[in-house]
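> I have a structure I would like to understand better, so I am pasting it below and will then ask my questions one at a time.
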Amino acid sequence: MNDVITKEKVFNHPIDKVWDAISKAEEISTWFIQADFKAQKDYQYTFTSEPNEKGCTTISGTVKEAHPYVLVYTWIVADTNVETIVTWKLESVAEGTKLYLEHSGISNYEGDTAIAMFESFNGGWENCINGLTAYLKQEVNAG
Amino acid sequence: MQDRITQVFKAIADPTRREIFHALVIASSALSITQIASQFDMSRQGVTKHIKTLENAGLVVLDSQGRERFCNANAKPLKEVNKWMTFYEQFWDDSLENLGSYLDQKAT
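Chains A and B supply the protein sequences, listed in that same order.
Taking the working numbering, the leading residue of the first sequence gets 1, the next gets one more, and so forth.
Taking the working numbering, the leading residue of the second sequence gets 1001, the next gets one more, and so forth.
Structural data, given as structure tokens:
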């Protein structure tokens, strides 16, 4: 057991399309979360989830690395002072594009902070993700 | 200074400590250092060292009675780590799922 979450997923799409989706504010805002984001080093970005009755949350951080096809930014959940690191890497493969995602740094959290972070984060965030999934389905149906 | 969750990862990285912790979890009452030493065929010093690491992580609470020290398991720190991992595992699965749908939709 360690404190790194890693995900790998292959998308049947060209690498530049996937890169745009994860690095352009307009596209991030469509599939992920409302974003003020620029894929340039040292940019201070903000992700804002849609408010709802449980209250959503803000994630902010600094872009550490941004060049095709590597994107690294710090990830700081509102009301916590501890940063974790999110790393995206893309690679062209025969089927399209392989995305490698890494989220590390839970060991930077004090135990009690982790609980507070989790509790403030969980309810609102899940609602927002559910909202986003519904939105995407709606878009697909409308199209 | 290492914070507690780092200590938890360090504590549970060692198989002997995991076994000692497990023995404490399933014990119906607190176990003394002497009892643990005989159960694991280890020296008291060896057990004391492992218990110290578990205690630093908050996984064991010590209770002194006379000259003997008794160990109680406390699983709460593990739950904190587990909650974080579980939450973000699901979060990223869902997000990448959304990314896939988005890319498919855009391509059509």
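Where is the CB? At the ideal position from N, CA and C, for every residue including glycine.
Just so you know, these numbers come straight off a predicted model, no measurement behind them.
I want to verify the contact list: residues of chain B whose CB lies under 8 Å from the CB of residue 101 of chain A, in sequence order.
Position 101 of the first sequence, counted from the first residue, corresponds to residue 101 of chain A. Residues of chain B passing the Cβ test: 1092, 1096.
> Does the CB of residue 1055 of chain B have a neighbour CB from chain A at under 8 Å?
Along the second sequence, one-based indexing puts residue 1055 of chain B at 55. No, no contact with chain A.
> Should residue 18 of chain A be flagged as near chain B, meaning a C-beta pair shorter than 8 Å?
For the purposes of this step, residue 18 of chain A is taken as residue 18 along the first sequence, with counting starting at 1. For residue 18 of chain A, the answer is yes, since a Cβ of chain B falls inside 8 Å of its Cβ.
> Looking at the secondary structure, which residues open and close the alpha helix (DSSP H) in which residue 1044 of chain B lies?
Taking the first residue of the second sequence as position 1, residue 1044 of chain B is located at position 44. It spans 1044–1056 - the alpha helix (DSSP H) in which residue 1044 of chain B sits, taken as one unbroken run.
> Mind pulling the alpha helix (DSSP H) runs of 4 or more residues that sit fully within the stretch 1009–1043 of chain B?
1015–1026, 1033–1040
> Using a 10 Å radius around the Cβ and a threshold of 16 neighbouring Cβ atoms, would you call residue 18 of chain A buried or exposed?
One-based indexing of the first sequence puts residue 18 of chain A at position 18. Buried, by the Cβ-count rule.
> Counting only C-beta atoms, is residue 39 of chain A closer than 8 Å to chain B at any point?
Numbered from its first residue, the first sequence carries residue 39 of chain A at position 39. Chain B, which has no Cβ nearer than 8 Å to the Cβ of residue 39 of chain A, makes this no.
> Looking at C-alpha atoms only, which residue of B:1063, B:1069, B:1017 is the closest neighbour of residue 1054 of chain B?
For this step, residue 1054 of chain B is matched to residue 54 along the second sequence. Taking only the C-alpha atoms, the option nearest residue 1054 of chain B is B:1017.
> Go ahead and label residue 1028 of chain B buried or exposed: buried means 16 or more other beta carbons lie within 10 angstroms of its beta carbon, across all protein chains shown.
Here residue 1028 of chain B refers to the residue found at position 28 when the second sequence is read from its first residue. The residue in question, residue 1028 of chain B, is exposed, as its Cβ has fewer than 16 Cβ neighbours within 10 Å.
> Relative to the alpha-carbon of residue 57 of chain A, which residue among A:92, A:47, A:9, A:104 has its alpha-carbon at the smallest distance?
By 1-based counting over the first sequence, the position of residue 57 of chain A is 57. Looking at the Cα atoms, A:47 is the closest of the given residues.
> If residue 101 of chain A sits next to residue 30 of chain A, beta carbons under 8 Å apart, how far is it from one beta carbon to the other, in whole angstroms?
Against the first sequence, residue 101 of chain A aligns to sequence position 101. Against the first sequence, residue 30 of chain A aligns to sequence position 30. Contact doesn't hold; Cβ gap of about 18 Å is too wide.
> Out of B:1107, B:1100, B:1105, state which residue places its alpha-carbon closest to the alpha-carbon of residue 8 of chain A.
Position 8 of the first sequence, counting from 1, holds the residue named residue 8 of chain A. Out of B:1107, B:1100, B:1105, B:1100 has the C-alpha closest to the C-alpha of residue 8 of chain A.
> Could you check what DSSP says for residue 1099 of chain B in three-state terms: helix, strand or coil?
Residue mapping note: residue 1099 of chain B aligns to position 99 of the second sequence, counting from 1. DSSP places residue 1099 of chain B in helix when its eight states are reduced to three.
> Give a yes or no on whether 8 Å exceeds the smallest Cβ distance from residue 1062 of chain B to chain A.
Sequence index remark: in the second sequence, residue 1062 of chain B carries index 62 (1-based). No, residue 1062 of chain B lies away from the interface with chain A (no Cβ there is under 8 Å from its Cβ).
> Nearest CA to the CA of residue 77 of chain A: which residue from A:87, A:65, A:61, A:43?
Numbered from 1 along the first sequence, position 77 holds the residue referred to as residue 77 of chain A. The residue from A:87, A:65, A:61, A:43 with its alpha-carbon nearest to that of residue 77 of chain A is A:61.
> Determine which residues of the stretch 10–36 of chain A have a Cβ less than 7 Å from any Cβ of chain B, and write them out in chain order.
11, 13, 17, 18, 21, 30, 31, 32
> At 7 Å on the CB atoms, spell out the chain B contacts of residue 59 of chain A, in chain order.
Residue numbering aside, residue 59 of chain A sits at position 59 when the first sequence is read from its first letter. Correct list: empty, because the minimum Cβ distance to chain B is about 11 Å.
> How many whole angstroms separate the CB atoms of residue 11 of chain A and residue 99 of chain A, which I take to be in contact at a CB cut-off of 8 Å?
As a working note, residue 11 of chain A is residue 11 in the first sequence. As a working note, residue 99 of chain A is residue 99 in the first sequence. About 6 Å separates the two Cβ atoms, so the contact holds.
> Could you tell me the distance, in whole angstroms, from the CA atom of residue 1094 of chain B to the CA atom of residue 38 of chain A?
In the second sequence, counting from the first residue as 1, residue 1094 of chain B sits at position 94. In the first sequence, counting from the first residue as 1, residue 38 of chain A sits at position 38. Answer to the nearest angstrom: the Cα atoms are 23 Å apart.
> Classify residue 45 of chain A as helix, strand or coil using the three-state DSSP reduction.
For the purposes of this step, residue 45 of chain A is identified with residue 45 of the first sequence, where counting begins at 1. The answer is strand: DSSP assigns residue 45 of chain A an E or B state.
> Ignore the nearest five residues each way along the sequence and tell me which others in residue 34 of chain A's own chain have a CB closer than 8 Å to its CB.
The residue labelled residue 34 of chain A in the question sits at position 34 within the first sequence. Hits under 8 Å: 47, 48, 49, 50.
> Can you check which of these residues, B:1090, B:1032, B:1089, B:1076, is closest to residue 1065 of chain B by C-alpha distance?
Along the second sequence, one-based indexing puts residue 1065 of chain B at 65. It is B:1032.
> Please report the distance separating the alpha-carbon of residue 44 of chain A from that of residue 1089 of chain B.
By 1-based counting over the first sequence, the position of residue 44 of chain A is 44. By 1-based counting over the second sequence, the position of residue 1089 of chain B is 89. Taking C-alpha positions only, residue 44 of chain A is separated from residue 1089 of chain B by approximately 25 Å.
> Indicate whether at least one CB of chain B lies closer than 8 Å to the CB of residue 148 of chain A.
Here chain A comprises residues numbered 1 to 143, so residue 148 of chain A is not present and cannot be evaluated.
> If the criterion is Cβ atoms closer than 8 Å, does the pair residue 64 of chain A and residue 74 of chain A meet it?
Here the question's residue 64 of chain A lines up with position 64 in the first sequence. Here the question's residue 74 of chain A lines up with position 74 in the first sequence. Contact: yes.
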